Amino acid sequence: MQAKIVAFEEKYHDKLVDIWHRAVRVTHTFLEEEDIQYYHHMVQNGALKEVELWVEINADQEPIGFIGLDGTKIEMLFVDPKYRGQGIGSHLVKHAGELKGNKLQVDVNEQNELAYAFYKRYNCELIGRSELDGSGKPFPLLHLELTL
(Lines of atoms letter the chains of each structure in order from A and count residues from 1; the text may use other names and numbers.)
(Lines give C-alpha, C1' and ligand atoms only; values in the text may rest on other atoms or scores of the structure.)
Protein backbone atom coordinates (compact mmCIF):
# COMPACT_ATOMS: atom_id res chain seq x y z
CA MET A 1 0.00 0.00 0.00
CA GLN A 2 1.31 3.43 -0.90
CA ALA A 3 0.90 6.64 1.05
CA LYS A 4 -2.64 7.99 1.24
CA ILE A 5 -4.48 10.91 2.78
CA VAL A 6 -7.01 10.25 5.53
CA ALA A 7 -9.13 12.39 7.81
CA PHE A 8 -7.67 13.20 11.21
CA GLU A 9 -8.29 10.76 14.01
CA GLU A 10 -7.37 11.37 17.63
CA LYS A 11 -4.89 8.49 17.51
CA TYR A 12 -2.69 10.66 15.24
CA HIS A 13 -2.58 13.69 17.55
CA ASP A 14 0.71 13.09 19.35
CA LYS A 15 2.46 11.99 16.16
CA LEU A 16 1.31 15.14 14.38
CA VAL A 17 2.57 17.29 17.24
CA ASP A 18 5.92 15.51 16.90
CA ILE A 19 5.99 16.08 13.13
CA TRP A 20 5.15 19.74 13.70
CA HIS A 21 7.92 20.11 16.28
CA ARG A 22 10.63 18.45 14.17
CA ALA A 23 9.55 20.27 10.99
CA VAL A 24 9.54 23.67 12.70
CA ARG A 25 13.08 23.10 13.95
CA VAL A 26 14.19 22.53 10.35
CA THR A 27 12.13 25.16 8.53
CA HIS A 28 11.59 27.99 11.03
CA THR A 29 15.21 28.80 11.77
CA PHE A 30 14.26 32.40 12.60
CA LEU A 31 12.47 31.29 15.78
CA GLU A 32 14.18 31.32 19.15
CA GLU A 33 13.78 28.35 21.50
CA GLU A 34 11.23 30.20 23.65
CA ASP A 35 9.15 30.93 20.51
CA ILE A 36 9.21 27.27 19.51
CA GLN A 37 8.08 26.28 23.00
CA TYR A 38 5.29 28.91 22.90
CA TYR A 39 3.89 27.58 19.62
CA HIS A 40 4.49 23.96 20.64
CA HIS A 41 2.22 24.51 23.64
CA MET A 42 -0.48 25.85 21.31
CA VAL A 43 -0.18 22.92 18.91
CA GLN A 44 -0.06 20.36 21.72
CA ASN A 45 -3.09 21.83 23.50
CA GLY A 46 -5.72 22.39 20.88
CA ALA A 47 -4.56 24.12 17.69
CA LEU A 48 -4.88 20.89 15.73
CA LYS A 49 -8.50 20.57 16.77
CA GLU A 50 -9.40 24.05 15.55
CA VAL A 51 -8.96 23.17 11.87
CA GLU A 52 -10.08 20.53 9.39
CA LEU A 53 -7.11 18.16 9.39
CA TRP A 54 -6.00 15.75 6.71
CA VAL A 55 -3.13 13.37 7.34
CA GLU A 56 -0.86 11.65 4.87
CA ILE A 57 0.02 8.19 6.13
CA ASN A 58 2.65 5.84 4.75
CA ALA A 59 2.35 2.13 3.99
CA ASP A 60 2.86 1.39 7.70
CA GLN A 61 -0.15 3.59 8.57
CA GLU A 62 2.16 6.16 10.21
CA PRO A 63 1.58 9.89 9.67
CA ILE A 64 4.23 11.56 7.49
CA GLY A 65 2.59 14.95 6.95
CA PHE A 66 -0.59 16.92 7.51
CA ILE A 67 -2.56 19.92 6.35
CA GLY A 68 -5.02 21.97 8.40
CA LEU A 69 -7.76 23.91 6.65
CA ASP A 70 -10.23 26.59 7.66
CA GLY A 71 -12.54 26.87 4.69
CA THR A 72 -10.34 27.67 1.70
CA LYS A 73 -7.41 28.77 3.86
CA ILE A 74 -4.44 26.55 4.58
CA GLU A 75 -3.76 27.18 8.26
CA MET A 76 -0.92 24.69 8.57
CA LEU A 77 1.09 22.36 6.38
CA PHE A 78 3.88 20.27 7.86
CA VAL A 79 5.83 17.30 6.56
CA ASP A 80 8.02 14.96 8.58
CA PRO A 81 11.59 16.11 7.86
CA LYS A 82 12.53 12.52 6.96
CA TYR A 83 10.08 12.75 4.02
CA ARG A 84 10.79 16.29 2.78
CA GLY A 85 11.25 16.66 -0.95
CA GLN A 86 9.16 13.60 -1.77
CA GLY A 87 6.00 15.39 -2.93
CA ILE A 88 4.02 15.02 0.28
CA GLY A 89 3.38 18.75 0.71
CA SER A 90 2.24 19.01 -2.91
CA HIS A 91 0.02 15.96 -2.48
CA LEU A 92 -1.64 17.56 0.56
CA VAL A 93 -2.13 20.92 -1.19
CA LYS A 94 -3.67 19.20 -4.21
CA HIS A 95 -5.98 17.29 -1.87
CA ALA A 96 -7.06 20.60 -0.32
CA GLY A 97 -7.77 21.92 -3.80
CA GLU A 98 -9.91 18.90 -4.61
CA LEU A 99 -11.92 19.51 -1.44
CA LYS A 100 -12.13 23.32 -1.47
CA GLY A 101 -11.67 24.44 -5.08
CA ASN A 102 -8.78 25.79 -7.10
CA LYS A 103 -8.37 29.05 -5.12
CA LEU A 104 -6.76 28.68 -1.72
CA GLN A 105 -5.24 31.17 0.68
CA VAL A 106 -2.27 30.73 2.95
CA ASP A 107 -0.17 32.90 5.26
CA VAL A 108 3.57 32.30 5.21
CA ASN A 109 6.16 33.66 7.60
CA GLU A 110 8.16 36.18 5.61
CA GLN A 111 11.38 34.71 7.02
CA ASN A 112 10.42 31.19 5.87
CA GLU A 113 11.89 31.38 2.39
CA LEU A 114 11.50 27.64 1.80
CA ALA A 115 7.75 27.79 2.35
CA TYR A 116 7.39 30.85 0.13
CA ALA A 117 9.35 29.09 -2.63
CA PHE A 118 7.11 26.03 -2.21
CA TYR A 119 3.90 28.04 -2.63
CA LYS A 120 5.26 29.98 -5.63
CA ARG A 121 4.77 26.76 -7.61
CA TYR A 122 1.03 27.30 -7.33
CA ASN A 123 0.74 30.60 -9.19
CA CYS A 124 0.58 32.34 -5.85
CA GLU A 125 -0.22 36.00 -5.69
CA LEU A 126 0.85 38.19 -2.80
CA ILE A 127 -2.39 39.78 -1.60
CA GLY A 128 -1.15 41.36 1.63
CA ARG A 129 1.36 41.49 4.44
CA SER A 130 1.07 41.75 8.21
CA GLU A 131 3.84 42.90 10.55
CA LEU A 132 2.70 40.48 13.27
CA ASP A 133 1.69 36.85 13.16
CA GLY A 134 -1.68 35.58 14.35
CA SER A 135 -0.42 35.49 17.96
CA GLY A 136 0.72 39.12 17.87
CA LYS A 137 4.41 38.15 17.70
CA PRO A 138 6.83 40.10 15.47
CA PHE A 139 7.06 37.51 12.70
CA PRO A 140 5.68 39.17 9.55
CA LEU A 141 3.25 37.19 7.45
CA LEU A 142 2.82 37.20 3.70
CA HIS A 143 -0.80 36.62 2.69
CA LEU A 144 -0.93 34.54 -0.49
CA GLU A 145 -3.63 33.31 -2.82
CA LEU A 146 -2.89 30.11 -4.70
CA THR A 147 -4.41 29.03 -7.99
CA LEU A 148 -4.27 25.27 -8.44
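Note that the working numbering numbers the sequence shown so that position 7 is 119, with each residue one more than the last.
All C-beta atoms in this analysis are idealised placements derived from N, C-alpha and C, irrespective of residue type, glycine included.
Small disclaimer: the values here were computed from a predicted structure and weren't measured.
For residue i, the three-state DSSP class (helix, strand or coil)
i: H133; result: helix
i: P175; result: strand
i: G240; result: strand
i: D245; result: coil
i: H203; result: helix
Which listed residue (the options) has its alpha carbon closest to that of residue i
i: N214; options: V163, C236, G240; result: C236
i: A222; options: L238, Y234, A119, L216; result: Inspection of the sequence shows that residue 222 is occupied by Glu rather than by Ala. Minimum Cα distance to E222 is reached at L238.
i: A208; options: R196, L189, P193, G197; result: L189
i: I179; options: F142, L244, H125, I148; result: H125
i: V129; options: G158, K116, H140; result: G158
i: N224; options: L143, A119, Q114, I117; result: L143
i: V138; options: I176, E146, P193, G177; result: P193
i: G248; options: Q156, V218, D147, Y231; result: D147
C-alpha distance - residue i paired with residue j, whole-angstrom precision
i: E164; j: E174; result: 19 Å
i: I186; j: L216; result: 7 Å
i: M154; j: V118; result: 23 Å
i: H161; j: F120; result: Looking at the sequence shown, residue 161 is not His but Lys. One C-alpha to the other measures close to 9 Å.
i: L226; j: G183; result: 24 Å
i: V136; j: H152; result: 9 Å
i: G246; j: Q198; result: 29 Å
i: E145; j: E168; result: 28 Å
i: K95; j: Y150; result: Examination of residue 95 is not possible in this model, given that the chain is present from 113 through 260 alone.
Assumed close pair residue i, residue j - CB separation to whole angstroms, cut-off 8 Å
i: V220; j: L256; result: 6 Å
i: P250; j: R241; result: Incorrect: roughly 13 Å between the Cβ atoms, too far for contact.
i: N170; j: A115; result: 5 Å
Counterpart residues of residue i in DSSP-defined beta bridges
i: K185; result: D182, Q217
i: H255; result: D219, G240
i: K232; result: Note: K232 sits in no beta bridge, so no partner.
i: V167; result: V118, F178
i: F190; result: F178
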